[in-house]
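Number of protein chains: 2
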Amino acid sequence: MSELSDKPSPSEQLESINQALNSGMFVHVRRQLQQMRPGDVAWLLEASPTPSRKVFWQLIDPDEYGAILEELSEEVRDGIIRLMDADKLASALEDMESDDLADVLRDLPEQLLNQVLTQMDEQDRLRAKQALSYPENTAGSMMNTEFISLRADISIEVVLRYLRLHHELPEGTDTLYVVDKNNRLLGDISLARLLVQDPNTLVADAMDTQVEAIPLLMTDTEAANLFERHDWLSAPVVDQNYQLLGRITIDDVVDIIREDGEHTMMGMANMDDDEDTFAPVTTSAKRRSIWLTVNLGTALLAASVSNMFEDTLSQLATLAVLMTIVPSMGGIAGNQTLALVIRGMAVGHIGDSNARWLLTKEALVGLINGLLWALMVAVVVAFWKGSWQIGIVLGLAMFINLSVAGIAGAAIPMIMRKLNIDPALAGSMALNTITDIIGLLSFLGLATLILIN
Amino acid sequence: MSELSDKPSPSEQLESINQALNSGMFVHVRRQLQQMRPGDVAWLLEASPTPSRKVFWQLIDPDEYGAILEELSEEVRDGIIRLMDADKLASALEDMESDDLADVLRDLPEQLLNQVLTQMDEQDRLRAKQALSYPENTAGSMMNTEFISLRADISIEVVLRYLRLHHELPEGTDTLYVVDKNNRLLGDISLARLLVQDPNTLVADAMDTQVEAIPLLMTDTEAANLFERHDWLSAPVVDQNYQLLGRITIDDVVDIIREDGEHTMMGMANMDDDEDTFAPVTTSAKRRSIWLTVNLGTALLAASVSNMFEDTLSQLATLAVLMTIVPSMGGIAGNQTLALVIRGMAVGHIGDSNARWLLTKEALVGLINGLLWALMVAVVVAFWKGSWQIGIVLGLAMFINLSVAGIAGAAIPMIMRKLNIDPALAGSMALNTITDIIGLLSFLGLATLILIN
């Protein structure tokens, strides 16, 4: 019964089942898979190379397909679905929550989608079409339409009897919603609150009317921030007439927070955040090449800057040795600011009222660090190269570049947001281009002015 | 009542209240603050520069202090607490959940901590000391000790009557735990399940015995991954004797997932992830300088590499112009792999069984991209500089560096994990050092061999 006593840790499980698979003990693997929860199987599939995934999928009990697909990340799920034919898929989707259902269907190729829809029974087909009708990445696309709603004029006693008519409540039910005859949301009552009420109380007197509802078209990220800020377990979704359409549950919010976090992290490393860790080599190589192309462009741009100073460099090779230092420091300092601002934007901390304050602050940080490192590097290099002039040139360039880096690191994401460009994706590349070019320009430029004649 | 009708959006709220503050309309600000939920006030404080925070805090109703402190991020909370005296703080902490209580107390300076503890009433002091006794970042440190446990031999009817004796259930209660007379966990029953049971059923027959319990010393990150994988709302925490000690609730898990994500993102940008976005300039400047120092070291290291080729550079200044391209491409390619592997580790996808597979895959990706970009850059530069030899040298260096980048990007985090070094913090710096040095060595080295004589 307990994880402590007889359950192996997830990673141990991963090791043992992979060994079993590699040594061809399929019967053993199938038995292990049957004992695992859908979430664990999904996790196992995500942690396995594509070939092993195929074998695992064959060994999984088809009744489990739906529950497992719900838990899989988009990339991996799409790969798995390609292994299934329309009717298997249709039956797998039957008892899926409406939001997960929409997720899966949205990624299907047109033709397969239609096949699957025709395979579904009438009710599921309507549910699917309804779910697909909401734009992606909105509250509508992440809500479940399975929930329990009550009228205000009945007693708790009646509610309790009504609930007992159910074999089980919709997954993740922690709150019941109270609506009027036009299905407009009046309030809600959590199960925890329901259970401490005197059975004779009316729902109207027991319900919480301060309920905050999520508008149908709010972005999923905004909705997730609200959940996080108010420690909600679920929240009702309403249309502009305040009619109750569905509810968002915390498990989907957790996925959004995880995905948004990964998106930012991977984006700043110039990675496509839905790249599957265990994708085939060619797929990965292709996915990465976009940003490598962009970077080659910016690198050649930087080279063309130093190219303007080829004479200077030929006269004083020491400059070539030192010219990488300033751009490198600028890149680091700028990316520090960039990361700070992008994080602040993600949780909605940065608005018009404090943007200027933040910009000024980061500029000042750049100035201070600029002075500090200018001094330090000037001294170091003056001693290393035995020339105070070179030290001074390097110091000045460092000061200029770190100051620029501070301003650029804060300004770039703010400007990009205004232009609806995702700073997490394009920010660091743009920043590094600026700090490279300013770094080279200032160092080689000043060197030409001061050292060459 | 509804967010749609009369509630402004969070960002609108942020704007308006800041304008009110700046124009000194304190009465108005106080009224607005009274209408806001603790979570919103916390969010407002986090989104405000330090000076405004002080003013806001003065305007907040002290009865709200506890609820707001619970919601604040560590950095901001510590700043606020410095504004409070011991007895105010003690009374604010009184009705805090035990895990949040521990969080706050853990960060207090020794002396203040003792003052606060003596100010607390006996019961709270015991609760606090208990909470503080669990190591940080473990299940123990994030669990609440407020929960409801039942015996197996009573009927649901009795449970319902027992619950009605409460004015309200402990915050975030979604499940009741069933224990034996030694407080060992036998199973659990969710409120949703409780409500669909026939009142005459025994708890023993209604409970779920498949409950998975979290060991007291599991890391908070592992626990969060389990929550995410199984869509839990809460989970019981047990000691090695399977005795029930507390429960972890999803709201704390959400914080862990958010913090871990930010830690990785900020870490890869060489930022201290608990730096407060609106911290004073000097604080920020100091925090950033650590990594800038490290980077200066690595930049000088790279410079000392090119320094070995000063003669070559003085003979052929074009090399100086081109020598930044190969390190730059290597850095990008390596960081792509690094980000992928770090993400995989974060969700526990990467174990001994698939590490070699992944390493090989990333090495191959590096080889393929290496070939591709070697060819491309060789052609471009051959035309630009009108010299096939230079093109070939650059191409060869590019191939070498991208291959190394692929291997290093995958190997570095794996090695660091074995050495218990956090790859998110030190990974990218180590990687860039390698790709810079190999890039310069291979390009300038080959150039010396092939072009100089």
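Line by line, the protein sequences are chains A and B. Final position of the first sequence in the UniProt record's numbering is 453; the numbers increase by one with none missing. Final position of the second sequence in the UniProt record's numbering is 453; the numbers increase by one with none missing. Backbone N, C-alpha and C define an ideal beta-carbon position, used for all residues, glycine too.
Run the CB neighbour count on residue i, radius 10 Å, all protein chains shown included, and call it buried at 16 or more, exposed below.
i                : result
Ser5 (chain A)   : Reliability of the predicted coordinates at Ser5 (chain A) is poor, the pLDDT of 45 falling under 50, and no value is obtained from them.
Asp273 (chain A) : buried
Asp99 (chain B)  : buried
Phe26 (chain A)  : exposed
Glu3 (chain B)   : With a pLDDT of only 42 at Glu3 (chain B), under the threshold of 50, the placement of this residue in the model should not be trusted; the figure read from the coordinates follows. Buried, since its Cβ has 16 or more Cβ neighbours within 10 Å.
Leu322 (chain B) : buried
Phe147 (chain A) : buried
Leu441 (chain B) : buried
Ile350 (chain B) : buried
Pro327 (chain A) : buried
Thr282 (chain A) : exposed
Leu83 (chain B)  : exposed
Trp291 (chain A) : buried
Lys361 (chain B) : buried
Ser304 (chain B) : exposed
Asn241 (chain A) : exposed
To the nearest angstrom, how far is it from the Cα of residue i to the Cα of residue j?
i                     : j                : result
Leu105 (chain B)      : Asn144 (chain B) : 15 Å
Leu93 (chain B)       : Leu117 (chain B) : 10 Å
Leu165 (chain A)      : Asp251 (chain B) : 31 Å
Gly439 (chain B)      : Asp107 (chain A) : 41 Å
Lys286 (chain B)      : Leu359 (chain B) : 37 Å
Met429 (chain A)      : Phe443 (chain A) : 21 Å
Leu195 (chain A)      : Ala131 (chain B) : 29 Å
Leu163 (chain B)      : Ser149 (chain B) : 11 Å
Phe399 (chain A)      : Ile434 (chain B) : 26 Å
Ala128 (chain A)      : Gly172 (chain A) : 20 Å
Ile452 (chain B)      : Met329 (chain B) : 25 Å
Leu340 (chain A)      : Asp198 (chain B) : 54 Å
Asp61 (chain A)       : Gly246 (chain A) : 31 Å
Pro423 (chain A)      : Pro413 (chain A) : 5 Å
Ile450 (chain B)      : Val404 (chain B) : 22 Å
Glu212 (chain A)      : Asp188 (chain A) : 10 Å
Gln58 (chain A)       : Asn137 (chain A) : 32 Å
Thr221 (chain A)      : Asp352 (chain A) : 19 Å
Leu169 (chain B)      : Ala411 (chain A) : 48 Å
Asn295 (chain A)      : Leu425 (chain A) : 13 Å
residue 499 (chain A) : Gly427 (chain A) : With chain A running from 1 to 453 in the structure shown, residue 499 (chain A) is simply not present.
Asn183 (chain A)      : Val159 (chain B) : 33 Å
Leu21 (chain A)       : Asn432 (chain B) : 38 Å
Met1 (chain B)        : Ile368 (chain A) : Low local confidence applies: a pLDDT of 40 at Met1 (chain B) is under 50, so the model's placement there is unreliable, and no value is given.
Measuring CB to CB, does residue i end up less than 8 Å from residue j?
i                : j                : result
Leu338 (chain A) : Gly386 (chain A) : no
Leu216 (chain A) : Gly140 (chain A) : yes
Val253 (chain A) : Leu185 (chain A) : no
Ala67 (chain B)  : Leu14 (chain B)  : no
Leu371 (chain A) : Val381 (chain A) : no
Leu233 (chain A) : Leu233 (chain B) : yes
Arg53 (chain A)  : Leu45 (chain A)  : yes
Ala333 (chain A) : Gly366 (chain A) : yes
Gly348 (chain A) : Ser11 (chain B)  : yes
Leu356 (chain B) : Glu262 (chain A) : Looking at the sequence shown, residue 356 (chain B) is not Leu but Arg. Taking 8 Å as the Cβ cut-off, Arg356 (chain B) and Glu262 (chain A) do not qualify as a contacting pair.
Gly406 (chain A) : Ala363 (chain A) : yes
Ala299 (chain B) : Ile325 (chain A) : yes
Leu313 (chain A) : Ala302 (chain B) : no
Ala346 (chain B) : Thr249 (chain B) : no
Glu228 (chain A) : Arg258 (chain B) : yes
Thr50 (chain B)  : Gly24 (chain B)  : no
Asp276 (chain B) : Val55 (chain B)  : no
Ile156 (chain A) : Ala223 (chain A) : no
Gln119 (chain A) : Asn270 (chain B) : no
Could you tell me how far apart the beta carbons of residue i and residue j are, in whole angstroms, since I believe they sit closer than 8 Å?
i                : j                : result
Asp260 (chain A) : Ala204 (chain A) : With 8 Å as the limit, Asp260 (chain A) and Ala204 (chain A) do not qualify as a contact, their Cβ atoms being about 39 Å apart.
Glu64 (chain B)  : Val41 (chain B)  : 7 Å
Pro236 (chain A) : Tyr177 (chain A) : 6 Å
Thr219 (chain B) : Phe309 (chain B) : Not really, about 47 Å apart at Cβ, beyond 8 Å.
Asp231 (chain B) : Asp174 (chain A) : Not confirmed; about 12 Å, so no contact.
At what residue ranges does the region 106 to 174 of chain B contain a whole run of the alpha helix (DSSP H), taking only runs of 4 or more?
110 to 119, 122 to 132, 139 to 142 and 156 to 164
Extract the residue ranges of the alpha helix (DSSP H) inside the region 219 to 254 of chain B, only unbroken runs of 4 or more that lie entirely within it.
Complete alpha helix (DSSP H) runs here, min 4: 220 to 230.
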